[in-house]
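S.K.: So in the working numbering, spot 72 of the sequence shown is number 511, and the numbers just go up one at a time. No residue lacks a Cβ here, since even glycine has one placed at the ideal position from N, Cα and C. Since we're looking at a predicted model, the values are computed, not measured.
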Amino acid sequence: MQSPFACVYLSANDIMDPAATTSFMAESCKRVKFNREKLDSVVQLVRTFCALTFAETLFRQILKGVQEGACHQNYAANVLHTYNEVKLSFIKSLDRYFFVNCISFSFWKNPLSGGPKFMVKGPDGNVHKGSRAVMIRINQLIRCGIPFTASSLSCMPFEVFQFLMTDRRGAVLPMIEERWQIIRDAAATLDQKFAGHFYNCIKYANFNSAELLTLLLENFPRFRDITIYEGRKVSFLLRAQLLILGVAQLFKENNHKIGFMLDQEQLRISSSCRSVQMFRFYGLLVPSPEIEERMQKDDLFAYGEPDEVEMRAMSNYCVEEIKREVNRRLQLLGKPKITSVEVDAIVHKDRYERVSRLQRGQILFPKVRSALH
């Protein structure tokens, strides 16, 4: 299988890929530690989810595009899988997923800003937020006949974009001007270089995940989730990986005659602030007292600063250690292995269905305002 990190852009610029970054940072972190004593309790949680349906787990079904009744609550359905309530052609569905990824970042609401949080009611009757809300809102616009294409977005005035991306209560996404600029620039690049469709990017990349990653990093600055830590160039590439994983999913769902080459085992997608939040809650990720104090004070962390970089890297490392131990135990039982993507999905599901409801927003996380993740 094709590793997405056999990427010319990364090697040419001497940038560690996300897997190498995770390994390097696990040995280099000074402010954030991994608490191995808590590993067993988290492994038991993951195994409980795995034990539900070993033959074909809910997460494997979702990643194959089979949506069950509760799938809307799962991370894979929210972020890795397009919300298919509005059916589009294969090429247009790829465009939709690309544009959603362009403006999916930094959804947390500043408690001091006042006003409601951006949320959208879905066709399932539930109110959604984050990337899911963005997808539902775009579907609503498409259903109303509003073109969500490269040609329309590349010249859309800010006032129009802001109006279209406002919910019924008047709530607007944070960083709305940055989102507008990013989606305009991305749409203009699609129009000028790829005949207006993201499918042509994939075709130009020879349906290869590594070549597509290079193309994304070269042409769309929004996906350059890259920084410097102790003189080394490190990368997380969270949104680029999620986009590539979604592309692979859409190719499978549509039974495209050309397969999209991707080895999902290589992906490291647990570097969001919400992943950090969960591993801190589990006790696996232990920030320094200084970082804890900053989170208690609701300090804003800067993208790429050492504290922020170490927490993101250690979050990825937590997933790898959980996966390694779970698979060791599953092998003894003769059960199929799970992937990092599935571990991430289980952790997200636990946050959504159990932890967030218990804590009501009281679990701290590093607040970062960045368009890169």
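When you compare only the Cα positions, how much space is there between N474 and Q601?
M.R.: Roughly 44 Å separates the two Cα atoms.
S.K.: Along the chain, where does the beta strand (DSSP E) that runs through K672 open and close?
M.R.: Residues 671-674.
S.K.: Within 10 angstroms of the Cβ of E747, are there 16 or more other Cβ atoms? Answer buried if so, exposed if not.
M.R.: With 16 or more Cβ atoms within 10 Å of its Cβ, E747 is classed as buried.
S.K.: Enumerate in chain order the residues of its own chain whose CB-to-CB distance from I641 is below 8 Å, with the five nearest sequence positions on each side excluded.
M.R.: So the list reads L533, L651, V686, F699, once near-sequence residues are dropped.
S.K.: May I ask which residues mark the beginning and end of the beta strand (DSSP E) holding I641?
M.R.: Per DSSP, I641 belongs to no beta strand (DSSP E); it is in the alpha helix (DSSP H), 637-643.
S.K.: Does the region 476-483 come within contact of the region 715-728, defined as at least 3 CB pairs closer than 8 Å?
M.R.: Verdict: yes, contact present.
S.K.: Let me know if A494 comes out buried or exposed under the rule of 16 or more other beta-carbons within 10 Å of its beta-carbon.
M.R.: Confidence at A494 is low in this model, with a pLDDT of 34, below 50, so its placement is unreliable and no value can be given for it.
S.K.: Suppose you measure from the CA of F662 to the CA of M717; what does that come to, to the nearest Å?
M.R.: In a straight line, the C-alpha of F662 is about 24 Å away from that of M717.
S.K.: Between the Cα of K813 and those of V599, E524, F538, L612, spot the shortest distance and give me the residue it belongs to.
M.R.: With the chain covering 440 to 812 only, the question about residue 813 has no answer from this structure.
S.K.: Would you kindly report the start and end of the unbroken alpha helix (DSSP H) that includes P555?
M.R.: Neither: P555 is in no alpha helix (DSSP H) and is coded neither H nor E.
S.K.: Look up P726 in the DSSP assignment and say whether it is helix, strand or coil.
M.R.: In the structure shown, P726 sits in a strand (DSSP, three-state: E or B).
S.K.: So for N647, helix, strand or coil by DSSP?
M.R.: Residue state, collapsed to three classes: strand.
S.K.: Could you check what DSSP says for F463 in three-state terms: helix, strand or coil?
M.R.: The answer is helix: DSSP assigns F463 an H, G or I state.
S.K.: Among D563, F529, I577, K472, which residue has its Cα nearest to the Cα of N694?
M.R.: When only C-alpha atoms are compared, the closest one is F529.
S.K.: For M700, name the three-state secondary structure that DSSP assigns.
M.R.: Note: M700 maps to strand in three-state DSSP.
S.K.: For A679, which residues of its own chain have a beta-carbon under 8 Å away from its beta-carbon, when the five flanking residues on both sides are left out?
M.R.: Around A679: L652, L655, L656, F662, D664.
S.K.: For the 8 Å Cβ check, are there 3 or more pairs between the region 614-632 and the region 585-599?
M.R.: The region 614-632 vs the region 585-599: in contact.
S.K.: For the alpha helix (DSSP H) holding T666, just list the boundary residues, first then last.
M.R.: Careful: T666 lies outside any alpha helix (DSSP H), inside the beta strand (DSSP E) at 665-668.
S.K.: Under three-state DSSP, which class holds T628?
M.R.: Helix.
S.K.: Could you have a look at K762 and say whether DSSP puts it in helix, strand or coil?
M.R.: Helix at K762.
S.K.: Can you check whether the CB of F544 is closer than 8 Å to the CB of H741?
M.R.: For the record, residue 741 in the displayed sequence is Ala; it is not His. No, they are not a contact pair.
S.K.: How should L677 be labelled, buried or exposed, when 16 other C-beta atoms within 10 angstroms of its C-beta is the threshold for buried?
M.R.: L677 comes out buried.
S.K.: Consult DSSP for H787 and reduce its assignment to one of helix, strand or coil.
M.R.: The answer is helix: DSSP assigns H787 an H, G or I state.
S.K.: Among all the DSSP beta bridges, which residues are the ones paired with L689?
M.R.: Paired residues: none, contrary to the question.
S.K.: Pop quiz: S674 and T460 are said to be a contact at Cβ under 8 Å. What is the actual Cβ separation, rounded to whole angstroms?
M.R.: The Cβ separation is near 6 Å, so the contact holds.
S.K.: Given a cut-off of 8 Å on the beta-carbon distance, is the pair Q735 and L803 in contact?
M.R.: Yes, the pair counts as a contact, with Cβ atoms nearer than the cut-off.
S.K.: Quick check on DSSP: helix, strand or coil for K548?
M.R.: It is coil, neither helix nor strand.
S.K.: Along the chain, where does the alpha helix (DSSP H) that runs through F600 open and close?
M.R.: F600 -> alpha helix (DSSP H) spans 597-603.
S.K.: Given a threshold of 16 other Cβ atoms within 10 Å of its Cβ, counted over all protein chains shown, does D789 qualify as buried or as exposed?
M.R.: It counts as buried.
S.K.: Determine the direct distance from the alpha carbon of S727 to that of K472, and round the result to whole angstroms.
M.R.: Their backbone Cα atoms lie some 8 Å apart in a straight line.
S.K.: Whole-angstrom Cβ separation of V573 and I615, contact assumed at under 8 Å?
M.R.: No, V573 and I615 are not in contact; Cβ-Cβ is about 12 Å, not under 8 Å.
S.K.: List the residues that DSSP assigns as beta-bridge partners of L739.
M.R.: Answer is K806, bridged to L739.
S.K.: By DSSP, does G504 sit in helix, in strand, or in coil?
M.R.: In this prediction, G504 has a pLDDT of 36, which is less than 50 and means its spatial position is unreliable; nothing more can be read from the coordinates.
S.K.: Could you say which of R607, V539, G564 lies nearest to K556 if we only look at CA atoms?
M.R.: Nearest of R607, V539, G564 to K556, Cα basis: R607.
S.K.: Answer yes or no: do C468 and E744 have a C-beta to C-beta separation smaller than 8 Å?
M.R.: No, the Cβ-Cβ distance between C468 and E744 is not below 8 Å.
S.K.: Alpha carbon to alpha carbon, how far is V525 from T666?
M.R.: Cα to Cα, V525 sits roughly 37 Å from T666.
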